[in-house]
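Here is the structure we will look at, set down as structure tokens.
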Amino acid sequence: MASAKTRSILLWSLAGLLAAMFLMSGSGKLANGATQSGFASWDAQFEDWGLPAWARIVVGLAEVAAAIGILVPALRFYAASGLTLLMVGGVGTHIANAEWAIAPVPLVLAALAATLAWLRRPAWLDERLGRSASPDTA
95 MASAKTRSIL LWSLAGLLAA MFLMSGSGKL ANGATQSGFA SWDAQFEDWG LPAWARIVVG
155 LAEVAAAIGI LVPALRFYAA SGLTLLMVGG VGTHIANAEW AIAPVPLVLA ALAATLAWLR
215 RPAWLDERLG RSASPDTA
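According to this note's numbering, the residues represented by the sequence shown are 95 to 232, in order.
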């Protein structure tokens with residue numbers, strides 16, 4: 095079993111990685127620049143997915159807010175849980191639009207965010223699940 099210090103370093107590293115990824119992704123959506131899929135703007139990308147153009151602002155704000163929240167230990171579980179749900183929606187969007195090559199990206203991000211959320215779950219969740227409380231190390 096990993097020491098408390100090693101676990102803390104791993105949790106902070108995962109949180110930092112996810113925060114950086116979602117800060118870049120969310121700010122890109124908020125800036126409405128060109129997409130990696132070749133669209134001139136995120137508005138065009140969201141409309142191609144059948145979503146309203148304003149949805150990119152909601153998604154961008156959610157990603158940036160969660161990126162910040164994931165760096166705050168008291169908010170980490172909630173931010174990581176929100177990112178997990180957001181990325182599950184992203185996987186669904188890519189699959190619904192037959193973007194098979196892109197779908198694994200939000201799937202991996204969802205798995206990483208879910209892992210972080212589970213490792214930083216609050217004591218009330220452990221109590222509700224009938225488990226002993228998770229160690230508070232990060």
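By construction, the Cβ of each residue, glycine as well, lies at the ideal position given by its N, Cα and C atoms.
Keep in mind the model is a prediction, meaning the values are calculated, not measured.
Counting only the Cα atoms, residue 118 lies some 12 Å from residue 159. Counting only runs of 4+ residues, the alpha helix (DSSP H) found wholly inside the region 128 to 214 occupies 136 to 142, 149 to 163, 170 to 190 and 198 to 213, in chain order. In the displayed model, residue 96 falls within coil according to three-state DSSP, outside both helix and strand.
Annotated three-state conformation of residue 120 is helix, per DSSP. Taking 7 Å as the cut-off, the beta carbon of residue 174 is found closer than this to the beta carbon of residue 210.
The region 162 to 179 makes contact with the region 211 to 223, as at least three CB pairs between them are under 8 Å.
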